[in-house]
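*Asks:* Below is a structure I'd like to ask you about.
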Amino acid sequence: MEILLAIMIGVLYAAGIYMILRRSLVKLILGIIILGNGANLLIFLLGRVVKGSPPIIPADSDVFQSVYADPVPQALILTAIVISFGLQSFAIILVKRAYKVVKTDDLDEMNAIDKDS
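In my numbering, each residue's number is its place in the sequence shown (first place is 1) plus 1450.
Here you go:
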């Protein structure tokens, strides 16, 4: 299972970087989204994939007696999802505004228009 997740993370990172290197702004945003999902899976994998109970210590003991799921990676992933959603929303609005002004989403054409003005 961990090998499959590691391969999936590599595929997401490769696809995200490939999309970021394209000339279109829409593909740039899609690449950022894919790269963010790959980073979330990486954090999840680093927290170890374990089928276990929630990390609640019973009243009659002082330490955990069985395997438990670590809540820290889950909290980090949830925070990363919220931050990436805000970044994606801002980037989509920014690209929409740039397209409205320049009438293109090609980065080379935007650069040529910027040099002309």
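Beta carbons: idealized from backbone N, C-alpha and C, even for Gly. Please read all numbers here as calculations on a predicted model, not as lab measurements.
#1: With a threshold of 8 angstroms, are at least 3 pairs of Cβ atoms found where one atom belongs to the segment 1540 to 1547 and the other to the segment 1452 to 1460?
#2: Given a cut-off of 8 angstroms, decide if A1530 and N1490 are closer than it, judged by their beta-carbon atoms.
#3: Going by CA-CA distance only, name the one from N1561, I1493, K1553 that's closest to L1528.
#4: Leaving aside the five residues before and after I1507 along the sequence, list all residues of the same chain whose C-beta is less than 8 angstroms from its C-beta, in chain order.
#5: Less than 7 angstroms between C-beta atoms, sequence neighbours within five positions excluded: which residues of the same chain meet that for I1563?
#6: Assuming the contact rule is C-beta atoms closer than 8 angstroms, L1480 and L1455 should be a hit. Round their C-beta distance to whole Å, please.
#7: Tell me which same chain residues have a C-beta within less than 6 angstroms of the C-beta of D1556, skipping the five on either side of it?
#8: Could you check how far apart the C-beta atoms of G1466 and L1485 are, in whole angstroms? I think they sit under 8 angstroms.
#9: Leaving out the 5 sequence neighbours to the left and right, which residues in its chain are closer than 7 angstroms to E1452 when beta-carbon positions are compared?
#10: Go ahead and label G1536 buried or exposed: buried means 16 or more other beta carbons lie within 10 angstroms of its beta carbon, across all protein chains shown.
#11: Helix, strand or coil: which one does DSSP assign to S1474?
*Replies:* In brief:
#1: no
#2: Here residue 1490 refers to the residue found at position 40 when the sequence shown is read from its first residue. Here residue 1530 refers to the residue found at position 80 when the sequence shown is read from its first residue. Closer than 8 angstroms, so yes.
#3: Start at 1 with the first residue of the sequence shown, and residue 1528 comes out as number 78. For L1528, the nearest C-alpha among the options comes from I1493.
#4: Locating residue 1507 in the sequence shown gives position 57, where the first residue counts as 1. Taken in chain order, the residues that qualify are V1513, F1514.
#5: Within the sequence shown, numbered from 1, the residue matching residue 1563 stands at position 113. For I1563, where only same-chain residues beyond five positions count, the Cβ hits under 7 angstroms are V1552.
#6: On the sequence shown, position 30 is the one that residue 1480 refers to. On the sequence shown, position 5 is the one that residue 1455 refers to. Rounded, the Cβ-Cβ distance is 22 angstroms, inconsistent with contact.
#7: Walking along the sequence shown from the start, residue 1556 turns up at place 106. Counting only Cβ-Cβ distances below 6 angstroms, and skipping sequence neighbours, we find R1473.
#8: Position 16 of the sequence shown holds residue 1466. Position 35 of the sequence shown holds residue 1485. Here G1466 really is in contact with L1485; their C-beta atoms are around 3 angstroms apart, less than 8 angstroms.
#9: Numbered from 1 along the sequence shown, position 2 holds the residue referred to as residue 1452. Within the same chain, E1452 has close Cβ partners L1495, V1499.
#10: For this step, residue 1536 is matched to residue 86 along the sequence shown. G1536 comes out exposed.
#11: Start at 1 with the first residue of the sequence shown, and residue 1474 comes out as number 24. Strand, per DSSP.
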